[in-house]
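Peer 1:
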Amino acid sequence: MTADSGAMIVTLRHVTREYGAAPNLVRAVDDISLSVERGGFVSLFGPSGSGKSTLLNLIGALDRPTNGEIELDGQRLDLLSRDELAQIRLNKIGFIFQAYNLVPVLSAVENVEFVMQLGGVPQGQCRSRAMELLAEVGLAGLEHRRPGELSGGQQQRVAVARAIVDNPALVLADEPTANLDSASAHNLLELMRDLNRSHGVTFIFSTHDKLVMESARRLIELKDGKIISDSCQASH
Amino acid sequence: MIDAQSWLVLWKLASRNVARNRRRTALTTLAVGLGVWTSVALAAFARGISGEMADNAIYDLTGHVQVHHPDYPQDPVVSNSIPDSSAKIMQALPPGVVLGSAARVRVPAVVRSEKKATGVTLVGIDPDAEHGLSFIGDGVISGRPIEGPDDQGIVIGQKLAEHLQTALGRRVVVMSQDVNGKLAERGFRITGIFDAELEATEKAFIFCGRGTAQQLLGLGAQISEISIVGQNRDGADAIVNAVQAAVPEAAVRSWRKAAPFADALLRVQNAFLKFWFLIVVIAVSFGLINTIFMSIFERAREFGLIQSLGMRPHNVIVQVALEAFLVLLGGMVIGNCGAWLTVRALSGGVDLSRFARGMEMMGVSRVVYPTILARDIITANLFVLVLCLLGSLYPAWKASRLPILEALHRTH
Ligand SMILES: Nc1ncnc2c1ncn2[C@@H]1O[C@H](COP(=O)(O)OP(=O)(O)OP(=O)(O)O)[C@@H](O)[C@H]1O
Ligand SMILES: [Mg+2]
Numbered sequence: 000m001t002a003d004s005g006a007m008i009v010t011l012r013h014v015t016r017e018y019g020a021a022p023n024l025v026r027a028v029d030d031i032s033l034s035v036e037r038g039g040f041v042s043l044f045g046p047s048g049s050g051k052s053t054l055l056n057l058i059g060a061l062d063r064p065t066n067g068e069i070e071l072d073g074q075r076l077d078l079l080s081r082d083e084l085a086q087i088r089l090n091k092i093g094f095i096f097q098a099y100n101l102v103p104v105l106s107a108v109e110n111v112e113f114v115m116q117l118g119g120v121p122q123g124q125c126r127s128r129a130m131e132l133l134a135e136v137g138l139a140g141l142e143h144r145r146p147g148e149l150s151g152g153q154q155q156r157v158a159v160a161r162a163i164v165d166n167p168a169l170v171l172a173d174e175p176t177a178n179l180d181s182a183s184a185h186n187l188l189e190l191m192r193d194l195n196r197s198h199g200v201t202f203i204f205s206t207h208d209k210l211v212m213e214s215a216r217r218l219i220e221l222k223d224g225k226i227i228s229d230s231c232q233a234s235h
Numbered sequence: 000m001i002d003a004q005s006w007l008v009l010w011k012l013a014s015r016n017v018a019r020n021r022r023r024t025a026l027t028t029l030a031v032g033l034g035v036w037t038s039v040a041l042a043a044f045a046r047g048i049s050g051e052m053a054d055n056a057i058y059d060l061t062g063h064v065q066v067h068h069p070d071y072p073q074d075p076v077v078s079n080s081i082p083d084s085s086a087k088i089m090q091a092l093p094p095g096v097v098l099g100s101a102a103r104v105r106v107p108a109v110v111r112s113e114k115k116a117t118g119v120t121l122v123g124i125d126p127d128a129e130h131g132l133s134f135i136g137d138g139v140i141s142g143r144p145i146e147g148p149d150d151q152g153i154v155i156g157q158k159l160a161e162h163l164q165t166a167l168g169r170r171v172v173v174m175s176q177d178v179n180g181k182l183a184e185r186g187f188r189i190t191g192i193f194d195a196e197l198e199a200t201e202k203a204f205i206f207c208g209r210g211t212a213q214q215l216l217g218l219g220a221q222i223s224e225i226s227i228v229g230q231n232r233d234g235a236d237a238i239v240n241a242v243q244a245a246v247p248e249a250a251v252r253s254w255r256k257a258a259p260f261a262d263a264l265l266r267v268q269n270a271f272l273k274f275w276f277l278i279v280v281i282a283v284s285f286g287l288i289n290t291i292f293m294s295i296f297e298r299a300r301e302f303g304l305i306q307s308l309g310m311r312p313h314n315v316i317v318q319v320a321l322e323a324f325l326v327l328l329g330g331m332v333i334g335n336c337g338a339w340l341t342v343r344a345l346s347g348g349v350d351l352s353r354f355a356r357g358m359e360m361m362g363v364s365r366v367v368y369p370t371i372l373a374r375d376i377i378t379a380n381l382f383v384l385v386l387c388l389l390g391s392l393y394p395a396w397k398a399s400r401l402p403i404l405e406a407l408h409r410t411h
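Those protein sequences? They're chains X and C, same order as listed. FYI, in numbering that gives the first Met the number 0 the residues of the first sequence are 0 to 235. FYI, in numbering that gives the first Met the number 0 the residues of the second sequence are 0 to 411.
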């Protein structure tokens, strides 16, 4: 964990995130220090309310810690402005949320293109790259459907394609399989692991699902905002 | 700041979101359209009334441009006369600029019947020159009109005839001062009675042949005024300059100076219309801002999502403003077309005779022709576009400041 920070995609030092004030103060993340290596495939698990989402949001520059520092790909997030954080999210992070990941007025391929276009990639390139990736996540032929015309699992695959499309340093997924049946969940996990291997993208995801946990190479268990175990397991 | 690619994305998001809730978009567009429509149509109606009023003042022996002795405007007496330089003036003006000019004798006088006497303005005219220039050249007359400069009869207004308790064919005496300051007096037979648009005009003027008047007043070939009518009111200032150059010794003035009341009313109206546009636009913008807030609230999660994906806050503002812009554009098209159709449908004139008694006092005709001015269309549309866009920036700014996480956790 204390290795050269160049090998680490994200490093947290004594990070605390509190909600509310005095009598009702909740410490959702409590003095966590943690590093994740490049190319990692990390699962956060723990009971409801243990701070998984809060931790992912902090790493993903969607939230700011009450105390402590977060370094993402060599950059201190706590020192950045709103605009700069948006830029970090655009360039370095891919998000997969539990549900409603997609912009409803955009088709599948447009949703994938969206982040490239915001990053100023020329239209021709955006389209071909998005089509390629959608084929890779198994959605060939469905590119022009709107989210409302896709199943939950298909929507999550679009979200995965979008998360990795502009080669982010890190993909964060908060319970990506929670709304899926077990077969779809299994397929999505396979897909994420394949992409982790083939593209070398770092994944950090939270889950309740034993099956999902098992596919992770590193398991971090949270309870009451603290890390209570952190272990590596042989990948399958 | 925003590159071409981002514009493309923003445009796509904005246009699709506008098309999303068709009912709401249609209602908002209609509200904007109604605002533009009432603004432009009301302006056209007001312009019709005031234009008519100004034209009536001009038709009332004023003309677009007047030439006088320098002292005549302050003291319109017989001795402040000028030679008839009509020919010289017409030569100095480029062809087509003016419709015509009329030289007149115009002096204060008293007219007396057997029963009553009253102060009037005696106008000696050449009827041929007055056609199309003033009401007396075209006016409705019972009896016969003045037939030439040396006509010996007199034509008075309907109301004046009633007031003097006299009638066609009866005699009246006209008294004035001649050029030497002596009393000039002459009996006339009433050969015609005119009916003017305004009662005040019928009471104010009596007409005789110009030569007859010159003889009565000892004027020789001198006259009191030359009245020139151009193509329209706005061309008057150019004519003033050209005429002044041709007759530098005379006082040349446009209708704006000669009929200051009409001019002042037009100016007040300009200010009033701007004020009216402002009121309408404020009402419309409140509706628009409210609608935008509703639509932002419903889509809070989406705003959270696109920002979590890395859309910058100012792009969110631009997206919402673009949505407002699309609605405004649609509303402006509807409003302007509606106004144009309304004015076209009323191009035959709106009959105000039911209200004419009150209106006539202000110099307004019984029939009003709505007139759309380019400046009113531009002002009304600019007001709507600029003020409503500015108004939309507030909800847009709010949307860009929605806390991302809170927005993401909103359930549908
Ligand atoms: N916006 C907030 N305001 C107040 N308290 C919050 C807020 N968000 C989270 N919390 C609290 O912080 C703690 C951690 O919440 P968090 O959502 O991170 O848990 P979690 O591990 O993701 O739970 P779950 O498995 O149910 O998703 C909880 O006690 C929660 O009530
Ligand atoms: Mg959670």
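In this text, a Cβ means the ideal position worked out from N, Cα and C, and glycines have one as well.
1) When you compare the CB positions of C/Ala344 and C/Met52, do they come within less than 8 Å of one another, or not?
2) Measuring CA to CA, which of X/Gly48, X/Gly59, X/Gln74, X/Pro64 is closest to X/His13?
3) Determine, using beta-carbon pairs with one atom in the region 126-145 of chain X and one in the region 30-45 of chain C, whether at least three such pairs fall under 8 Å.
4) Is X/Ala2 helix, strand or coil by DSSP?
5) Would you please verify whether the beta carbon of X/Phe204 is less than 8 Å from any beta carbon of chain C?
6) Comparing the C-beta of C/Met293 with each C-beta of chain X, is any distance below 8 Å?
7) Which bits of chain B does X/Val114 rub up against, with CB to CB less than 7 Å?
8) Let me check you understand the geometry: is the CB of X/Tyr18 closer than 7 Å to at least one non-hydrogen atom of ligand 1?
9) Report the partner residues of X/Gly67 according to the DSSP bridge assignment.
10) Which stretch, first to last residue, makes up the beta strand (DSSP E) that contains C/Asn107?
11) Helix, strand or coil for X/Leu101, going by three-state DSSP, please let me know.
12) Using only the alpha-carbon positions, how far apart do C/Asn240 and C/Ala320 sit?
13) Quick check on this structure: which residue in X/Gln86, X/Val25, X/Tyr18, X/Leu11 has the alpha carbon closest to the alpha carbon of X/Leu55?
14) Checking the sheet assignment: what are the DSSP bridge partners for C/Met310?
15) Quick one: grab the DSSP three-state call for C/Tyr368.
16) Ends of the beta strand (DSSP E) at C/Val119?
17) Looking at the structure shown, is C/Tyr71 part of a helix, part of a strand, or coil, going by DSSP?
18) Just to confirm the assignment, what range does the alpha helix (DSSP H) spanning X/Arg81 have?
19) Can a CB atom of chain X be found closer than 8 Å to the CB of C/His411?
20) Within a Cβ cutoff of 7 Å, which residues of the same chain sit near C/His130, ignoring the five residues on either side of it in sequence?
21) Given X/Met0, which residues of its chain have a CB within under 7 Å of its CB, disregarding the five upstream and five downstream residues?
22) Closest to C/Gly217 by CA distance: which of C/Glu405, C/Val96, C/Asn79 is it?
23) Can you tell me whether C/Phe204 is helix, strand or coil according to DSSP?
24) Can you round the beta-carbon distance between C/Ile403 and X/Val102 to whole angstroms, since I take them to be within the 8 Å contact cut?
25) Of the residues C/Ala18, C/Trp36, C/Gly32, which one's Cα is nearest the Cα of C/Ile371?
26) Could you check if X/Val14 belongs to the surroundings of ligand 1, using beta carbon to heavy atom distance under 7 Å?
27) Could you spell out the range, first to last residue, of the alpha helix (DSSP H) harbouring C/Tyr393?
28) State the Cα-Cα distance for the pair X/Ala2 and X/Asp29, rounded to the nearest angstrom.
29) Under 7 Å: does the beta carbon of X/Ser52 sit that close to some heavy atom of ligand 2?
30) For X/Ile31 and X/Ile227, what's the separation of their Cα atoms in angstroms?
31) If you measure from the CB of X/Ser42, is any heavy atom of ligand 1 nearer than 7 Å?
32) With a cut-off of 8 Å, does the C-beta of X/Gly224 fall near any C-beta of chain C?
33) Which residues of chain X have a Cβ atom closer than 7 Å to the Cβ of C/Arg19, listed in chain order?
34) Please classify X/Lys91 as buried or exposed, where buried requires at least 16 neighbouring CB atoms within 10 angstroms.
35) Please report the straight-line C-alpha distance between C/Gly210 and C/Ile81, rounded to a whole angstrom.
36) Helix, strand or coil: which one does DSSP assign to X/Ser318?
Peer 2: According to the structure data:
1) no
2) X/Pro64
3) no
4) The predicted model places X/Ala2 with a pLDDT of 43, which falls under 50 and marks its position as unreliable; any figure quoted below should be read in that light. Coil, per DSSP.
5) no
6) no
7) Absent from the structure: chain B. Protein chains present are X and C.
8) yes
9) None; X/Gly67 has no bridge partner.
10) For the sequence presented, residue 107 of chain C should be read as Pro rather than Asn. Looking at the DSSP string, the run of the beta strand (DSSP E) that includes C/Pro107 is 97-111.
11) coil
12) 49 Å
13) X/Leu11
14) Beta-bridge pairing links C/Met310 to no other residue.
15) coil
16) 116-124
17) coil
18) 81-91
19) The pLDDT assigned to C/His411 is 49, lower than 50, so where the model puts this residue is not dependable, and the model offers no usable value.
20) Gly136, Asp137
21) Summary for X/Met0: the model assigns pLDDT 40, below 50, so the residue's position carries little reliability; its value from the coordinates is reported in the next sentence. Around X/Met0: Ser34.
22) C/Asn79
23) strand
24) With 8 Å as the limit, C/Ile403 and X/Val102 do not qualify as a contact, their Cβ atoms being about 15 Å apart.
25) C/Trp36
26) no
27) 373-400
28) Annotation note: pLDDT 43 at X/Ala2 (below 50); position unreliable, no value reported.
29) yes
30) 10 Å
31) no
32) no
33) Val104
34) buried
35) 15 Å
36) Any answer about residue 318 of chain X is impossible in this case: the structure gives chain X only from 0 up to 235.
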